[in-house]
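Residue numbers (my numbering): 133 to 385.
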């Protein structure tokens with residue numbers, strides 16, 4: 133019957149189209165894995181230029197290499213440095229490891245099985261004019277960034293499977309109040325994102341007069357059919373453990 137022949141033709145066309153797409157995805161993955169990534173160091177100056185343009189401050193990368201075990205390639209970046217407008221070092225990442233996920237090909241966007249950052253050093257500074265600078269970025273100047281760009285960045289961040297930071301340090305300098313510098317040491321951060329869940333844990337060691345090592349935890353869920361980066365619509369619980377915490381120290385900062 134004509135309708136049966138039409139149905140068989142449609143079925144074959146769908147199968148052939150699916151196989152064609154699958155072959156293209158596999159070919160693209162193989163090209164990335166064995167044709168592009170092994171020569172990633174040659175692309176380092178171009179990566180630095182794109183990163184500097186995207187972030188808004190000069191970015192220097194000491195070295196890029198690729199490790200591969202099976203189908204999942206892992207990028208290793210060493211000595212990543214961001215500098216502020218004066219040229220001073222505002223953020224140093226001695227080691228960054230990013231394990232790519234095969235989902236990257238399905239969504240046509242970088243997806244990471246894990247982003248691991250070790251020994252990060254972050255400077256947060258408020259200048260005499262009251263502008264806050266984080267990692268060299270002037271937040272007052274960043275206020276002009278479009279909401280769509282900010283939403284896209286947050287969507288990407290909260291779509292990664294796992295982001296881990298170990299043994300980091302955060303230094304706060306307040307030039308406006310001329311307060312003593314404050315530094316949090318041995319900072320550990322773990323962010324795990326599911327389909328609709330977002331769990332975070334932060335552990336850090338403050339100065340001795342502030343108290344003992346503290347912990348912050350958050351377990352949240354996003355509404356159905358919402359974007360991952362729309363954190364204002366999340367619901368959940370936040371837990372803080374501040375042993376011997378002296379909140380009076382905040383008055384100095």
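All C-beta atoms in this analysis are idealised placements derived from N, C-alpha and C, irrespective of residue type, glycine included. Treat the numbers as computed from the prediction; the structure is a model and nothing was measured.
Nearest to residue i (by Cα), restricted to the options the options
i: residue 381; options: 362, 208, 341; result: 341
i: residue 368; options: 350, 376, 358, 378; result: 350
i: residue 324; options: 360, 217, 356, 310; result: 360
Through-space distance from residue j to residue i, alpha-carbon basis
i: residue 293; j: residue 306; result: 35 Å
i: residue 262; j: residue 199; result: 44 Å
i: residue 311; j: residue 190; result: 28 Å
i: residue 317; j: residue 197; result: 29 Å
i: residue 243; j: residue 363; result: 19 Å
i: residue 329; j: residue 352; result: 6 Å
i: residue 247; j: residue 379; result: 33 Å
Beta-carbon proximity of residue i to residue j, cut-off 9 Å
i: residue 254; j: residue 303; result: yes
i: residue 346; j: residue 314; result: no
i: residue 192; j: residue 180; result: yes
i: residue 322; j: residue 333; result: yes
i: residue 251; j: residue 176; result: no
i: residue 392; j: residue 348; result: The chain is shown only over 133 to 385; residue 392 falls outside these bounds and no answer can be derived.
i: residue 308; j: residue 384; result: no
i: residue 208; j: residue 195; result: yes
i: residue 232; j: residue 249; result: no
i: residue 344; j: residue 376; result: yes
Buried/exposed call for residue i, threshold 16 Cβ in 10 Å
i: residue 268; result: buried
i: residue 354; result: buried
i: residue 357; result: exposed
i: residue 222; result: buried
i: residue 230; result: buried
So within the region 190 to 262, which uninterrupted alpha helix (DSSP H) runs reach at least 4 residues, ignoring any that extend past its ends? 235 to 239
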